[in-house]
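Engineer:
Number of protein chains: 2
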Amino acid sequence: MRSLHFTADSSSNGIRERDFTVGGVPGVLWSPASGADRAPLVLMGHGGGHHKKHPAMAGRAQRLVTGCGFHVAVLDAPGHGDRPRSAHDEREIAALRTAQAAGEPEGPVVVRYNARLAETAVPEWQAALDALQELPEIGADGPVGYVGIGLGTAIGVPLVAAEPRITAAVYTCTWPDVLIEKAQQITVPIEFALQWDDERVPREAGLALFDAFASQEKTLHANAGKHLEMPRFEADSAVRFFARHLGGAAVSPA
Amino acid sequence: MRSLHFTADSSSNGIRERDFTVGGVPGVLWSPASGADRAPLVLMGHGGGHHKKHPAMAGRAQRLVTGCGFHVAVLDAPGHGDRPRSAHDEREIAALRTAQAAGEPEGPVVVRYNARLAETAVPEWQAALDALQELPEIGADGPVGYVGIGLGTAIGVPLVAAEPRITAAVYTCTWPDVLIEKAQQITVPIEFALQWDDERVPREAGLALFDAFASQEKTLHANAGKHLEMPRFEADSAVRFFARHLGGAAVSPA
Numbered sequence: 001m002r003s004l005h006f007t008a009d010s011s012s013n014g015i016r017e018r019d020f021t022v023g024g025v026p027g028v029l030w031s032p033a034s035g036a037d038r039a040p041l042v043l044m045g046h047g048g049g050h051h052k053k054h055p056a057m058a059g060r061a062q063r064l065v066t067g068c069g070f071h072v073a074v075l076d077a078p079g080h081g082d083r084p085r086s087a088h089d090e091r092e093i094a095a096l097r098t099a100q101a102a103g104e105p106e107g108p109v110v111v112r113y114n115a116r117l118a119e120t121a122v123p124e125w126q127a128a129l130d131a132l133q134e135l136p137e138i139g140a141d142g143p144v145g146y147v148g149i150g151l152g153t154a155i156g157v158p159l160v161a162a163e164p165r166i167t168a169a170v171y172t173c174t175w176p177d178v179l180i181e182k183a184q185q186i187t188v189p190i191e192f193a194l195q196w197d198d199e200r201v202p203r204e205a206g207l208a209l210f211d212a213f214a215s216q217e218k219t220l221h222a223n224a225g226k227h228l229e230m231p232r233f234e235a236d237s238a239v240r241f242f243a244r245h246l247g248g249a250a251v252s253p254a
Numbered sequence: 001m002r003s004l005h006f007t008a009d010s011s012s013n014g015i016r017e018r019d020f021t022v023g024g025v026p027g028v029l030w031s032p033a034s035g036a037d038r039a040p041l042v043l044m045g046h047g048g049g050h051h052k053k054h055p056a057m058a059g060r061a062q063r064l065v066t067g068c069g070f071h072v073a074v075l076d077a078p079g080h081g082d083r084p085r086s087a088h089d090e091r092e093i094a095a096l097r098t099a100q101a102a103g104e105p106e107g108p109v110v111v112r113y114n115a116r117l118a119e120t121a122v123p124e125w126q127a128a129l130d131a132l133q134e135l136p137e138i139g140a141d142g143p144v145g146y147v148g149i150g151l152g153t154a155i156g157v158p159l160v161a162a163e164p165r166i167t168a169a170v171y172t173c174t175w176p177d178v179l180i181e182k183a184q185q186i187t188v189p190i191e192f193a194l195q196w197d198d199e200r201v202p203r204e205a206g207l208a209l210f211d212a213f214a215s216q217e218k219t220l221h222a223n224a225g226k227h228l229e230m231p232r233f234e235a236d237s238a239v240r241f242f243a244r245h246l247g248g249a250a251v252s253p254a
């Protein structure tokens, strides 16, 4: 089994930030600076073209760490952040740019590219979770949640379907095509957010993905607005969702 | 203009409860027992067959009064609670029971009955709001919200369409048939909750009603489960919605 290799360690505003690698994959672990007792862990998968410390990740982590006292870990997805792009990555990104420039649907490119990234990323996440649970402040039997944004949903649906240690998940919408079958295997509580006027992912496709989850407790949050206009209060809602399902003393987020 | 006529006044657990009538319509006003400064007002419309102090109303009021320091007012709908049933009420209720006993769709009866109740209730609510705003602890220019449950939505959609003093509204799902046109006139922020597996109101009908609101800010909350299984955290979500839109120092609800 591969261990975490810490490469940087700093604290500010009550949050300890540790960079690490595990099996060569770079990640970040955010924790309460107070060095609290054992606490739940939330894994977060960043969006396409983003990276482990993108503000959307750092902002959500800040809420989870200071609001709930949780640990939050993010990995760079394959070909993203500090990881090199393969020739395949470069070809797919070029195909995406070509489709976008021509005003053609980007879905077909994104779906097949994200599916390929997920094949690599799911075992990476499982190895990272093994290593994170070796840390005494996380532990092998503590609650684990998952947050996925876009690409992080394309990775996170097969991950949660395969990984019984993850007991609650928050997703934002992505193309459902290859995910429906995996979503049908998921039974843990789900909070799923989509944009009602999404100009990229068709509304019916998002509703179909939500419908596919087999979870007895699942909640859809649909907000008026386009793909990138998700309101910030959805990040606060995710904090309350994890406070309910992973335990921990939730503080009202600022 | 008709004034409020208070008929009972008591306090417990930090909440002052005053029964009143206005133009012969019975209502209840819940307020902070501390007798605070001027505070926002939330009007609530109860569900069909329920009444102004049904636990669904009292529970939501408790959260809004103790969590936000707001005032909350509920009126008995026509033919409900302490109000007499007309011959028309009796006929429609008998028709509903007959449809239910025969396993026939109840929608056609409920839609026409609720529409008739709304015609009476909307001007009653407007007169009650006039009178409530005469109270110094509410005032004529303070923020006003509306919560509707079932029948309370059938009354509340035409009410909010007609009443510019109401600047934010929370609805639960009901049959949209006669409400679509009024919903298209509503532009204030909306939170709209439906049950994904509702056995009474078809899913597509609920989504169509949400779609009809012209509001720039609107959020759909769809939860797994049947008509009567809406999770309690939706009541907490409504409190946060009003804290955002009506101002006031929101406290994390218990």
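Heads up: the sequence lines are chains F and G, in that order.
Per the numbering used here, the first sequence starts with residue 1, numbered consecutively.
Per the numbering used here, the second sequence starts with residue 1, numbered consecutively.
All C-beta atoms in this analysis are idealised placements derived from N, C-alpha and C, irrespective of residue type, glycine included.
Could you pull out every residue in the same chain whose Cβ sits closer than 8 Å to the Cβ of V15 (chain F), ignoring the five residues on either side in sequence?
Structural biologist: Taking the first sequence and counting its residues from 1, the one referred to as residue 15 (chain F) is at position 15. Position check: residue 15 (chain F) holds Ile in this sequence, whereas Val was assumed. So the qualifying residues of the chain are W30, S31, P32, A33, A61, Q62, V65, T66.
Engineer: In chain order, what residues of the segment 197 to 219 of chain G put their CB closer than 8 Å to some CB of chain F?
Structural biologist: The segment 197 to 219 of chain G vs chain F, Cβ under 8 Å: L207, F210, D211, S215, Q216, E217, K218, T219.
Engineer: Which residues of chain G have a Cβ atom closer than 8 Å to the Cβ of A169 (chain F), listed in chain order?
Structural biologist: In the first sequence, the residue the question calls residue 169 (chain F) occupies position 169. Residues of chain G passing the Cβ test: none, with the nearest at roughly 14 Å.
Engineer: Could you give the distance in angstroms between the alpha-carbon of I180 (chain G) and the alpha-carbon of V157 (chain G)?
Structural biologist: Translated into the one-based positions of the second sequence, residue 180 (chain G) becomes position 180. Translated into the one-based positions of the second sequence, residue 157 (chain G) becomes position 157. The alpha-carbon atoms of I180 (chain G) and V157 (chain G) are separated by roughly 9 Å.
Engineer: Quick test of your reading: L43 (chain F) and Y146 (chain F), contact by CB under 8 Å. State the CB separation rounded to the nearest angstrom.
Structural biologist: Taking the first sequence and counting its residues from 1, one reaches residue 43 (chain F) at position 43. Taking the first sequence and counting its residues from 1, one reaches residue 146 (chain F) at position 146. Contact holds; Cβ gap of about 5 Å.
Engineer: Is F6 (chain G) buried or exposed, if buried means 16 or more other CB atoms sit within 10 Å of its CB?
Structural biologist: Taking the first residue of the second sequence as position 1, residue 6 (chain G) is located at position 6. Counting Cβ neighbours within 10 Å, F6 (chain G) comes out exposed, since fewer than 16 surround it.
Engineer: Which partner residues does H71 (chain G) have in the DSSP bridge list?
Structural biologist: Locating residue 71 (chain G) in the second sequence gives position 71, where the first residue counts as 1. BP columns for H71 (chain G) point to G:L41.
Engineer: Buried or exposed: G81 (chain F), going by 16 or more other Cβ atoms within 10 Å of its Cβ?
Structural biologist: Numbered from 1 along the first sequence, position 81 holds the residue referred to as residue 81 (chain F). G81 (chain F) is buried by the Cβ-count criterion.
Engineer: For G150 (chain F) and Q126 (chain G), I'd like the C-alpha separation in whole angstroms.
Structural biologist: On the first sequence, residue 150 (chain F) is found 150 positions in, with the first residue counted as 1. On the second sequence, residue 126 (chain G) is found 126 positions in, with the first residue counted as 1. Spanning the two alpha carbons is a distance of roughly 45 Å.
Engineer: So the candidates are F:V201, F:V178, F:P123, F:L117; which of them puts its Cα closest to the Cα of G225 (chain F)?
Structural biologist: Position 225 of the first sequence, counted from the first residue, corresponds to residue 225 (chain F). It is F:V201.
Engineer: How would you write the range of the beta strand (DSSP E) that E17 (chain F) sits in, first residue to last?
Structural biologist: Here residue 17 (chain F) is taken as the residue at index 17 of the first sequence, counted from 1. 15 to 22 is the extent of the beta strand (DSSP E) around E17 (chain F).
Engineer: Taking just the CA atoms, how far does Y113 (chain G) sit from E92 (chain G)?
Structural biologist: If you number the second sequence from 1, residue 92 (chain G) lands on position 92. If you number the second sequence from 1, residue 113 (chain G) lands on position 113. Looking at the two C-alpha atoms, the distance is approximately 7 Å.
Engineer: Is the Cβ of A222 (chain G) closer than 7 Å to any Cβ of chain F?
Structural biologist: For the purposes of this step, residue 222 (chain G) is taken as residue 222 along the second sequence, with counting starting at 1. Judged by the 7 Å Cβ criterion, A222 (chain G) is in contact with chain F.
Engineer: What number of angstroms, rounded off, separates the C-alpha of V25 (chain G) from the C-alpha of A128 (chain G)?
Structural biologist: Taking the first residue of the second sequence as 1, we reach residue 25 (chain G) at position 25. Taking the first residue of the second sequence as 1, we reach residue 128 (chain G) at position 128. Distance between the alpha carbons of V25 (chain G) and A128 (chain G): 9 Å.
Engineer: What residues in its chain sit with their C-beta under 8 Å from that of D198 (chain G), if we drop five residues either side in the sequence?
Structural biologist: Here residue 198 (chain G) refers to the residue found at position 198 of the second sequence. Only C173, G206, K226, H227 meet the Cβ criterion.
Engineer: In its own chain, which residues sit with a C-beta less than 8 Å from the C-beta of T153 (chain F), not counting the 5 before and 5 after it?
Structural biologist: Numbered from its first residue, the first sequence carries residue 153 (chain F) at position 153. The residues are G45, Y171, T172, C173, T174, L179.
Engineer: In this structure, what does DSSP give as the bridge partners for D9 (chain F)?
Structural biologist: Position 9 of the first sequence, counted from the start, is the residue given in the question as residue 9 (chain F). Bridge partners of D9 (chain F): F:R18.
Engineer: Alpha carbons only, please: which of F:V22, F:G35, F:G27 is nearest the one belonging to S11 (chain F)?
Structural biologist: Here residue 11 (chain F) refers to the residue found at position 11 when the first sequence is read from its first residue. Nearest of F:V22, F:G35, F:G27 to S11 (chain F), Cα basis: F:G35.
Engineer: Rounded to whole angstroms, what's the CA-CA distance from M230 (chain F) to L194 (chain F)? Just pull it up for me.
Structural biologist: Here the question's residue 230 (chain F) lines up with position 230 in the first sequence. Here the question's residue 194 (chain F) lines up with position 194 in the first sequence. Approximately 8 Å, taken between the alpha carbons.
Engineer: Assign P123 (chain F) to buried or exposed, taking buried as 16 or more other Cβ atoms, counted over all protein chains shown, within 10 Å of its Cβ.
Structural biologist: As a first step, residue 123 (chain F) must be located in the first sequence, where it is residue number 123. Exposed.
Engineer: Under the three-state reduction of DSSP, which class applies to W175 (chain G): helix, strand or coil?
Structural biologist: Position 175 of the second sequence, counted from the start, is the residue given in the question as residue 175 (chain G). Reduced to three states, the DSSP call for W175 (chain G) is coil.
Engineer: For V239 (chain G), name the three-state secondary structure that DSSP assigns.
Structural biologist: For the purposes of this step, residue 239 (chain G) is taken as the residue at position 239 of the second sequence. Correct three-state label for V239 (chain G): helix.
Engineer: When you compare each of G:I190, G:A212, G:P164 to A183 (chain G) by their alpha carbons, which one comes out closest?
Structural biologist: The count along the second sequence starts at 1 and reaches residue 183 (chain G) at position 183. Checked all of G:I190, G:A212, G:P164; the closest Cα to A183 (chain G) is G:A212.
Engineer: Within this structure, are the beta carbons of V160 (chain F) and A169 (chain F) separated by less than 7 Å?
Structural biologist: Locating residue 160 (chain F) in the first sequence gives position 160, where the first residue counts as 1. Locating residue 169 (chain F) in the first sequence gives position 169, where the first residue counts as 1. Yes; because the gap between Cβ atoms is below 7 Å, this pair is in contact.
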